[in-house]
Amino acid sequence: MLFKSLTLLTAATSAIAAPAQDKNAPDGSEFILRLHPGSGSMGMKALQLRNNKVVFGLESNNTTVPPLQVTYQGDQLAVNSSSTSPGEITIASNGQLVITEASTSTFNSTYGWTIEGGGSFVRQVYYKGSQEFYSCTSEDGAVIGGQEVYILGSGNYTCDEPFKFTIGATTLATTEKLPEHL
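The working numbering numbers the first residue of the sequence shown as 6 and each following residue consecutively.
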């Protein structure tokens, strides 16, 4: 009898103490986007900007280029990195993630972003239900580094040897506590 009471008390306490799990990120939440090559947070790399393209792996004078910071607003990812003018992450016709000027149209390729997984260290980023992204070395950026990021929409890659991954989002408050290698 004592065992049953203790079990019920433990279960009730756990249910009350458990953090609330929100499905989607609330509007106005700020994140740093990171490529996520597998399970867990090991191997995550911050996404960055080169001109108007989303990339990763950039370095300048042996220091890493600042990460891509975004604000989640109603199915859009608004860029708020200090190194670029304001804009939104858009999917180009070839699937490449690029930055364009802010738009008020709801029928363009800036809408359709979702950030899910509240209560966890890394949230998952989706575009119109897909979380399959990949990168290719660009002809233009091969000398200065950085892999350009694409979404796998049609099942066809734009390069012969794509690097496949998902995109995770960490909040700015969480990111401040991350070790340097993440």
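Built from N, CA and C at the ideal position, the CB exists for glycine as well.
Beta bridge counterpart(s) of residue i as assigned by DSSP
i, result
"Ala174", "Leu38 and Arg128"
"Leu188", "Here the chain comprises residues numbered 6 to 187, so residue 188 is not present and cannot be evaluated."
"Glu166", "Per DSSP, none; premise fails for Glu166."
Continuous beta strand (DSSP E) stretch holding residue i: start and end
i, result
"Val60", "Lys58 to Phe61"
"Cys141", "Phe138 to Thr142"
"Ala83", "Gln81 to Val84"
"Val154", "Gln152 to Ile156"
"Val75", "Gln74 to Gln78"
"Gly48", "Looking at the DSSP string, Gly48 is not in any beta strand (DSSP E), and its letter there is neither H nor E."
"Val70", "No beta strand (DSSP E) holds Val70; DSSP gives it neither H nor E."
"Thr95", "Gly92 to Ile96"
"Thr115", "That residue, Thr115, is in no beta strand (DSSP E); it is neither H nor E in DSSP."
Contact check, residue i vs residue j, beta carbons under 8 Å
i, j, result
"Val130", "Leu54", "no"
"Leu82", "Val154", "no"
"Thr95", "Thr119", "no"
"Gly92", "Thr105", "yes"
"Glu170", "Leu73", "For clarity, residue 170 is Phe in the given sequence; the question names Glu instead. No, the pair does not count as a contact, with Cβ atoms beyond the cut-off."
Option nearest residue i by Cα separation, candidates the options
i, options, result
"Phe168", "Gln78, Phe126 and Phe61", "Phe61"
"Glu35", "Glu153, Val84 and Asn99", "Val84"
"Gly43", "Leu177, Thr176, Tyr155 and Tyr139", "Tyr139"
"Ala174", "Gln152, Thr163, Glu121 and Thr142", "Glu121"
"Ile172", "Met49, Asp32 and Tyr77", "Met49"
"Asp165", "Asn57, Thr176, Leu177 and Ser143", "Ser143"
"Asn99", "Ser65, Gly158 and Gly79", "Gly158"
"Leu177", "Pro71, Gly151 and Asn56", "Pro71"
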